[in-house]
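Input: a single structure, listed below in structure tokens.
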Amino acid sequence: MKETLLLTGTIKPNNNGIQRSTVLSNDKYFDPEYRLGEYFSTIQYYINTQLFDKIIFCENSNYHFNNWALLEQLAYDKGVQLELLQFYGDEISIKKYGYAYGEAEIFDYAFKNSQLLQQTTSWYKVTGRYIIKNIDQIINYHQKWSITTFFYKGWGLAQFGVTTAFFKTTQAFYEEHLYKKAVKYIKDTNTRFLESVFYLLLKDCLLNQRTSGKTKIVPIYHFFSGKKAKIEVYKARLGLLGFGPIASILESIRVAIGYKI
Numbered sequence: 010m011k012e013t014l015l016l017t018g019t020i021k022p023n024n025n026g027i028q029r030s031t032v033l034s035n036d037k038y039f040d041p042e043y044r045l046g047e048y049f050s051t052i053q054y055y056i057n058t059q060l061f062d063k064i065i066f067c068e069n070s071n072y073h074f075n076n077w078a079l080l081e082q083l084a085y086d087k088g089v090q091l092e093l094l095q096f097y098g099d100e101i102s103i104k105k106y107g108y109a110y111g112e113a114e115i116f117d118y119a120f121k122n123s124q125l126l127q128q129t130t131s132w133y134k135v136t137g138r139y140i141i142k143n144i145d146q147i148i149n150y151h152q153k154w155s156i157t158t159f160f161y162k163g164w165g166l167a168q169f170g171v172t173t174a175f176f177k178t179t180q181a182f183y184e185e186h187l188y189k190k191a192v193k194y195i196k197d198t199n200t201r202f203l204e205s206v207f208y209l210l211l212k213d214c215l216l217n218q219r220t221s222g223k224t225k226i227v228p229i230y231h232f233f234s235g236k237k238a239k240i241e242v243y244k245a246r247l248g249l250l251g252f253g254p255i256a257s258i259l260e261s262i263r264v265a266i267g268y269k270i
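According to this note's numbering, the residues represented by the sequence shown are 10 to 270, in order.
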């Protein structure tokens, strides 16, 4: 049985809404054509896996995807339905609340507007420039698992966050627990890391193994990290840190102290 995949992204980021890091040696990270090439390669990769019969790419800068027709032809040849969703994200709120708001806004937009998502009961989500090298193992394993919603969650400090770069959910679960709720929570609490927001919204659900749980296989990512703004290979081993940058760990500490988890 083939799956549905939602990929998210921002082709042309608002430079004024992103804090530039000292690790940036040039403006390549902000170059929309460079980013477009990264998204093109990632979408191409997932089409070629032939693990998905529906792939949606949703992005919030409404930048012209000039090579989309090439991906449509590839998808057609592979028997994959492909959908492009683009809109203008709320730049004022993204600048105020950070990337977490923008990403949560993309999730909600896709959930509400994607025709392909409406045709399925469950879907995988992957950040648009992340290639999961062992996606086939994850899918094959979890198709035999009764739980249809799962997230990757580490231990230690990482237990206070769940990865938003990769997860699987059902339409019903997303609507009940996350739709519009993540955006509202970010505004209400000014929590700037979506990993922490998802954890706080889902921590009770993750304890109820009948409805949701933690993935049994550690995802292996190859990605261009927007948060670190440099190309790297990140292999999550032994479940140590399932959701990326050190900033998320610091946010976890803040959440743990501030919200007394």
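Don't be surprised by glycine CBs; every beta carbon is placed ideally from N, CA and C.
Beta-carbon proximity check, residue i vs residue j, cutoff 8 Å
i, j, result
"isoleucine 56", "glutamate 92", "no"
"tyrosine 230", "leucine 209", "no"
"arginine 201", "alanine 109", "yes"
"leucine 125", "threonine 13", "yes"
"threonine 19", "asparagine 75", "no"
"asparagine 143", "isoleucine 226", "yes"
"glutamate 100", "valine 192", "no"
"tyrosine 72", "lysine 21", "yes"
"phenylalanine 160", "histidine 151", "no"
"isoleucine 141", "proline 228", "yes"
"arginine 117", "lysine 196", "Here the sequence assigns aspartate to residue 117, which means arginine is not the residue at that position. No, the Cβ-Cβ distance between aspartate 117 and lysine 196 is not below 8 Å."
Burial state of residue i, where buried means 16 or more other Cβ atoms lie within 10 Å
i, result
"alanine 174", "buried"
"lysine 38", "The question names lysine, but residue 38 is tyrosine in the sequence shown. Label assigned to tyrosine 38: buried."
"lysine 134", "buried"
"tyrosine 106", "buried"
"alanine 119", "buried"
"tyrosine 97", "exposed"
"glycine 224", "Checking the sequence shown, residue 224 turns out to be threonine, not glycine. Buried: at least 16 other Cβ atoms inside 10 Å."
"alanine 84", "buried"
"glutamate 204", "buried"
"threonine 172", "buried"
Start and end residues, alpha helix (DSSP H) containing residue i
i, result
"glutamine 59", "Note, glutamine 59: premise wrong, no alpha helix (DSSP H); not H, not E."
"glycine 111", "108 to 122"
"valine 192", "190 to 198"
Beta-carbon separation (whole angstroms), residue i vs residue j, contact threshold 8 Å
i, j, result
"glutamine 59", "lysine 87", "6 Å"
"glycine 137", "leucine 16", "5 Å"
"glutamine 90", "aspartate 62", "6 Å"
"glutamine 53", "leucine 94", "Between leucine 94 and glutamine 53 the Cβ distance is about 18 Å, and since that is not below 8 Å, they are no contact."
Residue range of the unbroken beta strand (DSSP E) whose run includes residue i
i, result
"threonine 172", "171 to 179"
"tyrosine 139", "139 to 141"
"tyrosine 133", "131 to 136"
"leucine 15", "12 to 18"
"glutamine 82", "Per DSSP, glutamine 82 belongs to no beta strand (DSSP E); it is in the alpha helix (DSSP H), 77 to 87."
"glutamine 128", "Premise fails: glutamine 128 is in no beta strand (DSSP E) and is neither H nor E."
"glutamine 146", "Run containing glutamine 146: none in the beta strand (DSSP E); it sits in the alpha helix (DSSP H), 144 to 151."
"leucine 187", "Element bounds for leucine 187: n/a, residue is neither H nor E."
Should the stretch 136 to 149 be called in touch with the stretch 179 to 194, which here means at least 3 C-beta pairs below 8 Å? No, the stretch 136 to 149 is not in contact with the stretch 179 to 194.
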